[in-house]
Every structure is written in C-alpha cells, then in structure tokens.
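Counting in my numbering, the sequence shown runs from 828 upward without gaps.
Every residue, glycine too, gets a C-beta built ideally from N, C-alpha and C.
Here the structure is a predicted model, which is why all the values come from computation and not from measurement.
Working notes, structure below.
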Amino acid sequence: MTGDVDAAMGRALELAAAAVAWGDTPIGAVVLGPDGGVLAEAANEREKRGDPTAHAEVLALRAAARVHGDGWRLTGTTLVVTLEPCTMCAGASVLARVDRVVYGADDPKAGAAGSLWDVVRDRRLNHRPQVTGGVRAEECAALLRAFFRRQRGL
C-alpha cells in the first residue's frame, strides 16, 4: 500500500495546487478504497462555494460515501490529505469509520491528529483510525508556505 499512498499524496498535492486558482488554501485529499484504488478526491472549496465546511477532506469523504459499497461507513478506506486534519475533518474521518488517515504537513495551529489535539486517537470514541503523518511533508508544507506568502504580499 505504500506506493498507493505515495501516488495518492502526489495527486492530493496536484489538487491542492489547483485550489489556489479559486483562492482557496491549497489542501487536497484523496480517499483510497480497500483495494488501494482511488474512490474520491477533492480540493478545498471554502472560498469557491462560500461554505465553511467545504474542506478537501469533507468533500472527498462525501464523494467516497456515494461510491463506496457500504454507504456512509467507509470501512477499509484510507484518507490521504496534504495537511493534518482539523477537528472537523478528523471527526468526520472517525464518524465515517475510515481505517487510516495519512497526512503530509503537521498543523501546529489547528491539527487534530496529534499536533494540537488528537481527535482520531481519542480513546473515548468508538472508532480510531490508524494515523501516519509526515508523508511528503516538505512538499506539502512548501505549497502552503508559498500560498500564505502570496496572500501576505511577501
């Protein structure tokens, strides 16, 4: 599955870069099915949709639920995302029963997969996905740094 995850992160990076065109923070997400194939993918669309919940992860999970054989229960799937999920997205992955969350860059300001909070591994919840962070982290972080430098006019 390592090759699948690396390829999925590459695709997530492409999606993230595309989000810049409509003014969104460059974050991309890919949901891999139990066989390692892509079930769904998305980029941030908060600005595009005017929707505070239109994070890449939520959009990708929604799309995956439409095609996955078990409805909203995304058992056997892996969520691959360029930035550590926030509390909303971490919670969504738990509630969707995602088996594994893989992310690129840590988010010390809002990360909920170990950096600031650890929603995905909270023992009080009935489902806890495996978490792997740091996959192609420098590429993911560089994309975000460049975006925020441009936003600040630097």
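Burial state of residue i (16 or more Cβ within 10 Å)
i	result
Leu981	exposed
Thr905	buried
Leu866	buried
Glu884	buried
Gly850	exposed
Leu901	buried
Ala969	exposed
Gly896	exposed
Leu952	exposed
Integer Cβ distance of residue i from residue j, believed to fall under 8 Å
i	j	result
Tyr930	Pro956	Actually they do not touch by this definition, with Cβ atoms about 11 Å apart.
Val908	Ala839	6 Å
Phe974	Val847	6 Å
Cβ-based neighbour list, residue i, same chain, cut-off 6 Å, excluding 5 preceding and 5 following
i	result
Val858	Leu866, Ala867, Ala887, Ala891, Thr904, Leu906
Asp934	Leu910, Glu911, Ser942
Contacting residues, own chain, Cβ-Cβ under 7 Å from residue i (five flanking each side not counted)
i	result
Thr914	Ala939, Trp944, Val946
Per DSSP, the bridge partner or partners of residue i
i	result
Glu868	Val857
Leu910	Ala932
Touching by the beta-carbon criterion (3+ pairs, under 8 Å), the segment 940-953 and the segment 860-877: No contact exists between the segment 940-953 and the segment 860-877.
Does the segment 828-837 touch the segment 877-885, meaning 3 or more C-beta pairs lie closer than 8 Å? Fewer than three pairs of CB atoms, one per stretch, sit closer than 8 Å, so the segment 877-885 makes no contact with the segment 828-837.
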